[in-house]
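Undergrad:
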Amino acid sequence: MWTRTYSRHVPLSKDDVAVVVGGARGLGIEMVKQLTNKYKVKKVIIIDMNKPEVRHQDITFIPCNVGDKKKYAEVLQNVIDECEASGDKIRVFVTNAGIRHSKSVLQLSMEEIDEIYDVNVFSYIQGIRALLKHHMKHPQDSLSIVTVSSVLGILAPRNLTIYSSTKAALSQIHEGLAQELVDFPSIRMLLVLPGQLSRGMFDDDIMDRVNNGQCGVLSEPIYGKLLPVVKCLPYSIIQLCRRFSQMDQKVRDNS
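Structure, rendered in structure tokens:
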């Protein structure tokens, strides 16, 4: 974990709105629970294809396939317009949408590859651009952007090549964008790199850093912090690590 805290940050409050893309299940819904139950924000807006696993009076669910650029653009604009009209502040934007196909590159159709990139990468760019343009009209407000990528974006296993490449793209876009926004201290960029985790193990750490206004990278469990070093090792040692971890045997080709 490498994070930095800014002194001028205002913690989350009951007046704030959070938008969680891909917040219906898994890590997404756990972050939603943290926002509603622990930090008690005014509203959490979930944008997802699936209905949330939990119901709460402060949760608003908007069904949307974020891979549909036109539909997603409409949803984003409606959310922004409604917040503007009501005077609500979007303080947290979490991008957690993602799909995968467990197939080799040669077995995936171009339509499937397009779908994975539309949902995992292009929706991220689309959402970030929309929220940042809105935020620039209110530069005095704090905005935390949480990018949920994966350790698989560092070291790709067999049969998850395309999925892993989308996670690598997310990490690189986040990193470059964080530097483009370095002159805007009200914007906090947090990159999350989860590995294999049980539900509830990671969400508290993420929202704690959001509440404290931290930027940087958060990676769990411990091996996620070591993977960038592994990438720099000689090829033979990398292959030994892959065989030892059995990472290339754990994902079966479902084609």
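Residues 10 to 264 (the working numbering) are what the sequence shown spells out, left to right. Every residue, glycine too, gets a C-beta built ideally from N, C-alpha and C.
1) Terminal residues of the continuous beta strand (DSSP E) containing residue 115?
2) Taking only the alpha-carbon atoms, compute the straight-line gap between residue 52 and residue 41 and give it to the nearest angstrom.
3) With residue 89 and residue 61 assumed to form a contact (beta carbons below 8 Å), what rounded beta-carbon distance in angstroms separates them?
4) Look at the alpha carbon of residue 260 and the alpha carbon of residue 234, and state the distance between them as a whole number of angstroms.
5) Within the continuous alpha helix (DSSP H) that includes residue 223, where are the two ends?
6) Can you check which of these residues, 47, 87, 35, is closest to residue 54 by C-alpha distance?
7) Residue 152 to residue 146, Cα distance in whole Å?
8) Hey, could you find the ends of the beta strand (DSSP E) residue 52 is sitting in?
9) Can you tell me the Cβ-Cβ gap for residue 204 and residue 232, rounded? I've got them flagged as a contact below 8 Å.
10) Can you give me the Cβ contacts of residue 157 inside the same chain, cut-off strictly under 6 Å, excluding the 5 residues immediately before and after it?
11) Could you compute how far the alpha carbon of residue 7 sits from the alpha carbon of residue 182?
12) For residue 101, which option in 226, 217, 75 has the closest C-alpha, if you only look at C-alpha atoms?
13) Confirm, please, whether the CB-CB distance from residue 85 to residue 139 is below 9 Å.
14) According to DSSP, which residues form a beta bridge with residue 40?
TA: In this structure, then:
1) Where residue 115 is concerned, there is no enclosing beta strand (DSSP E), given that its DSSP letter is neither H nor E.
2) 10 Å
3) Actually they do not touch by this definition, with Cβ atoms about 21 Å apart.
4) 22 Å
5) Per DSSP, residue 223 belongs to no alpha helix (DSSP H); it is in the beta strand (DSSP E), 223 to 229.
6) 87
7) 12 Å
8) 52 to 57
9) 6 Å
10) 105, 201
11) One cannot answer for residue 7 here, as it falls past the ends of the chain, which runs 10 to 264.
12) 217
13) yes
14) For residue 40, which the question treats as bridged, DSSP gives no partner whatsoever.
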